[in-house]
Amino acid sequence: MQMKKLLLPALSLSILMPTVAANAATVVNTPKPTVNTPAADLRASLDHLLSEHFALAVIAMTKAYDGSADAAEAYKALDQNALDMTPAIASLYGKEGAAEFERIFRAHNKYTDDLVKATKMNNQEARKKAEQQVQGFVDEFSAFLDKATAGKLPKQAAAQAIRLHEDQVQETFDDYIAGDYQGAYAAYREGFKEMFTISKALSTAITTQMPEKFGNTKADTPAADLRSALNNLAAEHLSLSTLQMQKQYDGSKDSDALIKAESGNTADFKAAISSIYGAEGGMAFEKIWVTNHVNAQSDYVTAVKNKDQAAKAAVEKRIDWFTTEFANFLGTATAGNLPAAVAQDVLRQHEGQVQKVLNEYAAGNYEASYKTDREGFKLMFGVGQALGNAIVTQYGEKFQEKADPSMTTVWMQIGSHDLNINGTVTKMDTTPFIWNDMSYIPLRYLAEGIGAEVTWDNEAQSVWVKAGNDKMQFWIGKDFMELNGMKKNVGSKVFVNTDGRTVLPLRFITELLGWDVKWGQQDRSITLTKSM
633 MQMKKLLLPA LSLSILMPTV AANAATVVNT PKPTVNTPAA DLRASLDHLL
683 SEHFALAVIA MTKAYDGSAD AAEAYKALDQ NALDMTPAIA SLYGKEGAAE
733 FERIFRAHNK YTDDLVKATK MNNQEARKKA EQQVQGFVDE FSAFLDKATA
783 GKLPKQAAAQ AIRLHEDQVQ ETFDDYIAGD YQGAYAAYRE GFKEMFTISK
833 ALSTAITTQM PEKFGNTKAD TPAADLRSAL NNLAAEHLSL STLQMQKQYD
883 GSKDSDALIK AESGNTADFK AAISSIYGAE GGMAFEKIWV TNHVNAQSDY
933 VTAVKNKDQA AKAAVEKRID WFTTEFANFL GTATAGNLPA AVAQDVLRQH
983 EGQVQKVLNE YAAGNYEASY KTDREGFKLM FGVGQALGNA IVTQYGEKFQ
1033 EKADPSMTTV WMQIGSHDLN INGTVTKMDT TPFIWNDMSY IPLRYLAEGI
1083 GAEVTWDNEA QSVWVKAGND KMQFWIGKDF MELNGMKKNV GSKVFVNTDG
1133 RTVLPLRFIT ELLGWDVKWG QQDRSITLTK SM
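In this text, residue positions in the sequence shown follow the numbering used here: the first is 633, and each later residue adds one.
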């Protein structure tokens, strides 16, 4: 079962953030689509750490099973990946939450090591115990995520996702030890890709939970999707390339299967390029990418293994030529939005890191090799950001979020009297504003704009809002309200502004009343959407 089918219904991640529809007489300025938002950055960080965890887990397990000389360093790299996640967790959930995360996550890396040892010794009882420990991790970590995200990532959905991840790691390992290398690396590619599905789900849950911390931006926009897709392709290319070069150097039986997996990555990259720049662009990409990049890396291994300095220099010349040609291709294709000179600098850095990983590995300096490999892996997410930004800048209209007719869309702007609801514009006698670093909007205009009935109770100094079968009451000077008789925390006191209008925090609308919000960083606009 695909993780997408498991996660999306449970998490309600089909949140749509459409642009505001405008009628013939009115044009509403909406933020330009971009890959560079706080929410997209969070998603990219999770893309990086989670996919690296998967790659290192598989490498460490298979290397340990084979008794490879670098197995211990692979496990050290895997553990360091877990440690690198801790600061991000601390920034979201504090030191206590980070400590609990670290305890749970690092322990599960040990469980996979136990599983490898039990399998190698053919100790079925020990393997069963290790599998039970892994299931214990699934249960404990899913409960942690449910609690940390305040239910935005429910335990059941999290458990299904984590269990699928563990199954994919184990499937890759089991196929590998059975000698089914093509099956192993096909499973590897599936498991690697699913980590990006998890990062989308988790980043969406977090940004929904903490909208103001991420500038009221969303992790699941078309632009963020593009950035993540490019992250996936670039990072998978790096992970497969460096591993294949090591296996080719060692003369390992799975080297050819890795070459086939690389071909699959190339085909997916070509398809992505073709979807943007047409079949001709895809063909041009493939020709440049394969001849003096993928094939050249394999030739580089042969030269290093044979200690043939002349052949090594010739391959390095080909690779340098590739960086120039491919940089020019990217510069031309993106109409200069990714300048060729910038692209070439990054490509040269990438090629240098790939070669360094192999050179250090061949010298037996495994600690340095894994350090360089991790640096190279991280660089790929800068590639995803830069190329994604260039494409979104070039074809902004293709990445503009689409309006859904079943959604009600409300547009306001800090300091503006305009209120746009589904394209119909009215003038308010007050404006949204920011006070104490919080955005406030007028209650009456929002409520009446969506067809609710608003009444003022002077004696109680409260506002009644009736929307369908729901009744809400707000009290001036109070930081709570009642929804159908149930008390809810507003987040800050409701008050009357200088225009005599009742105002309440934007956060309340997003967190408690179920509206989705998009904040325009450049024009300070507020776009609220909700399925009505």
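Note that beta-carbon positions come from the ideal geometry of N, C-alpha and C, so glycine has one too.
>> Using the Cβ count rule (16 or more neighbours within 10 Å means buried), how would you classify Asn655?
In response: Here residue 655 refers to the residue found at position 23 when the sequence shown is read from its first residue. With a pLDDT of 32 at Asn655, under the threshold of 50, the modelled position of that residue is not reliable, and the figure given next carries that caveat. Per the 10 Å Cβ criterion, exposed.
>> By the three-class DSSP mapping on this structure, what secondary structure does Lys850 have?
In response: Here residue 850 refers to the residue found at position 218 when the sequence shown is read from its first residue. In the three-state DSSP reduction, Lys850 falls in the coil class, being neither helix nor strand.
> Exposed or buried, which one is Val1128 when buried takes at least 16 other CB atoms within 10 Å?
Replying inline: Against the sequence shown, residue 1128 aligns to sequence position 496. Classification of Val1128: exposed, given that the 10 Å Cβ count is below 16.
>> Quick check on the burial criterion: 16 or more other C-beta atoms within 10 angstroms. Buried or exposed for Asp679?
In response: Against the sequence shown, residue 679 aligns to sequence position 47. Result: buried.
> Does the separation of the CB atoms of Ala791 and Val770 fall below 8 Å?
Replying inline: Taking the first residue of the sequence shown as 1, we reach residue 791 at position 159. Taking the first residue of the sequence shown as 1, we reach residue 770 at position 138. Going by beta carbons, Ala791 and Val770 fall inside the 8 Å limit.
> How many angstroms separate the CA atom of Thr1134 from the CA atom of Ile838?
Replying inline: Within the sequence shown, residue 1134 is the residue found at index 502, counting from 1. Within the sequence shown, residue 838 is the residue found at index 206, counting from 1. Thr1134 and Ile838 have their C-alpha atoms roughly 30 Å apart.
> Going by beta carbon distance, what residues of the same chain come within less than 6 Å of Thr1087, once the five residues before and after it are set aside?
Replying inline: Counting from one through the sequence shown, the residue named residue 1087 turns up at place 455. Hits under 6 Å: Trp1096.
> Cβ of Val1149 within 8 Å of Cβ of Pro665?
Replying inline: Within the sequence shown, numbered from 1, the residue matching residue 1149 stands at position 517. Within the sequence shown, numbered from 1, the residue matching residue 665 stands at position 33. Against a cut-off of 8 Å, the Cβ pair of Pro665 and Val1149 comes out as no contact.
> Per DSSP, what kind of secondary structure is Asn1121 in: helix, strand or coil?
Replying inline: Numbered from 1 along the sequence shown, position 489 holds the residue referred to as residue 1121. Of the three classes helix, strand and coil, the one that applies to Asn1121 here is strand, per DSSP.
> Does the distance from the C-beta atom of Met1070 to that of Pro971 stay below 8 Å?
Replying inline: Against the sequence shown, residue 1070 aligns to sequence position 438. Against the sequence shown, residue 971 aligns to sequence position 339. It is not a contact, given that the beta carbons lie outside the stated cut-off.
>> Helix, strand or coil, according to DSSP, for Pro1074 in the structure here?
In response: Here residue 1074 corresponds to residue number 442 of the sequence shown, with the count starting at 1. Of the three classes helix, strand and coil, the one that applies to Pro1074 here is strand, per DSSP.
> Where does Thr666 fall in DSSP's three states?
Replying inline: Numbered from 1 along the sequence shown, position 34 holds the residue referred to as residue 666. Of the three classes helix, strand and coil, the one that applies to Thr666 here is coil, per DSSP.
>> Can you list, in chain order, the residues of its chain with a C-beta nearer than 7 Å to that of Thr1062? Leave out the 5 residues immediately preceding and following it.
In response: Here residue 1062 corresponds to residue number 430 of the sequence shown, with the count starting at 1. Exclusion of the five residues before and after Thr1062 leaves Pro1074, Asn1129, Asp1131, Arg1133 as the residues of its chain whose Cβ lies within less than 7 Å of its Cβ.
>> So within the region 742 to 818, which uninterrupted alpha helix (DSSP H) runs reach at least 4 residues, ignoring any that extend past its ends?
In response: The alpha helix (DSSP H) runs lying completely inside the region 742 to 818 and spanning 4 residues or more are 756 to 780, 787 to 809, given in chain order.
>> If I follow the unbroken alpha helix (DSSP H) through Ile1023, where does it start and stop?
In response: Mapped onto the sequence shown, residue 1023 falls at position 391. Annotation: the continuous alpha helix (DSSP H) that includes Ile1023 extends over 998 to 1026.
>> If you follow the alpha helix (DSSP H) that Glu958 is in, where does it begin and where does it stop?
In response: Taking the sequence shown and counting its residues from 1, one reaches residue 958 at position 326. Note on identity: in this sequence residue 958 is Phe, with Glu being the wrong assignment. Run containing Phe958: 941 to 965, per the alpha helix (DSSP H) assignment.
>> As a quick exercise: from Gly729, Leu1115, Asp1111, pick the residue whose alpha carbon is nearest that of Leu1123.
In response: As a first step, residue 1123 is located in the sequence shown; it is residue number 491 there, counting from the start. Inspection of the sequence shows that residue 1123 is occupied by Gly rather than by Leu. Residue Asp1111 holds the alpha-carbon nearest to the alpha-carbon of Gly1123 among Gly729, Leu1115, Asp1111.
> In or out: Leu645 buried (at least 16 other Cβ within 10 Å) or exposed?
Replying inline: Walking along the sequence shown from the start, residue 645 turns up at place 13. Because the pLDDT at Leu645 is just 22, under 50, the model does not fix this residue reliably, and the value given afterwards should be weighed accordingly. Around the beta carbon of Leu645, a 10 Å sphere encloses 16 or more other beta carbons of the protein chains shown; the residue is thus reported as buried.
>> Please state the DSSP three-state secondary structure of Met1044.
In response: Within the sequence shown, the letter at position 412 stands for residue 1044. Here Met1044 sits in strand by DSSP.
> Is the Cβ-Cβ distance between Thr1040 and Lys850 less than 8 Å?
Replying inline: Within the sequence shown, numbered from 1, the residue matching residue 1040 stands at position 408. Within the sequence shown, numbered from 1, the residue matching residue 850 stands at position 218. No, the Cβ-Cβ distance between Thr1040 and Lys850 is not below 8 Å.
> Taking the C-alpha atoms as reference points, what is the distance between Gly726 and Arg738?
Replying inline: The count along the sequence shown starts at 1 and reaches residue 726 at position 94. The count along the sequence shown starts at 1 and reaches residue 738 at position 106. Take the alpha-carbon of Gly726 and the one of Arg738: they are about 18 Å apart.
> Can you tell which of Ile951, Ala855, Asp900, Pro1064 has its C-alpha closest to the C-alpha of His869?
Replying inline: For the purposes of this step, residue 869 is taken as the residue at position 237 of the sequence shown. Closest by alpha carbon: Asp900.
>> To the nearest angstrom, how far is the alpha carbon of Val659 from that of Gly1055?
In response: On the sequence shown, residue 659 is found 27 positions in, with the first residue counted as 1. On the sequence shown, residue 1055 is found 423 positions in, with the first residue counted as 1. With a pLDDT of only 37 at Val659, under 50, the local geometry of the prediction cannot be trusted, and the value read off the model is given with reservation. Put simply, the backbone Cα of Val659 is about 8 Å away from that of Gly1055.
>> Restricting to runs no shorter than 4 residues, where is the alpha helix (DSSP H) found entirely within the region 839 to 893?
In response: Every alpha helix (DSSP H) of 4 residues or more that sits fully in the region 839 to 893 is shown, in chain order, as 854 to 882.
> Under the rule that 16 or more other beta-carbon atoms within 10 Å means buried, what is Glu957, buried or exposed?
Replying inline: Taking the sequence shown and counting its residues from 1, the one referred to as residue 957 is at position 325. Under this definition Glu957 is a buried residue.
> Alpha carbon to alpha carbon, how far is Ala703 from Asp888?
Replying inline: Position 71 of the sequence shown, counted from the start, is the residue given in the question as residue 703. Position 256 of the sequence shown, counted from the start, is the residue given in the question as residue 888. Their backbone Cα atoms lie some 21 Å apart in a straight line.
> Which residue from Ala928, Lys939, Thr964 puts its Cα closest to that of Gly984?
Replying inline: If you number the sequence shown from 1, residue 984 lands on position 352. It is Ala928 whose Cα lies nearest to the Cα of Gly984.
>> Just to confirm the assignment, what range does the alpha helix (DSSP H) spanning Val1057 have?
In response: Residue 1057 sits at position 425 when you count from the first residue of the sequence shown. No alpha helix (DSSP H) contains Val1057, which is instead part of the beta strand (DSSP E) from 1056 to 1059.
> Thinking C-alpha only, which one of Lys761, Leu1078, Leu1160, Val978 is nearest Gly1008?
Replying inline: The residue you call residue 1008 lines up with position 376 of the sequence shown. Of the candidates Lys761, Leu1078, Leu1160, Val978, Val978 places its Cα closest to the Cα of Gly1008.
> For Val989, which residues from the same chain have a beta carbon less than 6 Å from its beta carbon, with the 5 sequence-adjacent residues on both sides left out?
Replying inline: Start at 1 with the first residue of the sequence shown, and residue 989 comes out as number 357. Hits under 6 Å: Thr874, Ser1001, Thr1004, Asp1005.
> Among residues of its own chain, excluding the 5 on either side of Glu992, which ones have a beta-carbon nearer than 7 Å to its beta-carbon?
Replying inline: Start at 1 with the first residue of the sequence shown, and residue 992 comes out as number 360. In the same chain as Glu992, and ignoring 5 residues on each side of it, the C-beta atoms closer than 7 Å to its own belong to Ala1000, Ser1001, Thr1004, in chain order.
> If you check the beta carbons only, do Ala833 and Ala775 fall under 8 Å apart?
Replying inline: Reading the sequence shown from its first residue, position 201 is the one you call residue 833. Reading the sequence shown from its first residue, position 143 is the one you call residue 775. No. Outside cutoff.
> What residues match up with Asn897 in a beta bridge as DSSP calls it?
Replying inline: Translated into positions along the sequence shown, residue 897 becomes position 265. Answer is none; Asn897 lacks a bridge partner.
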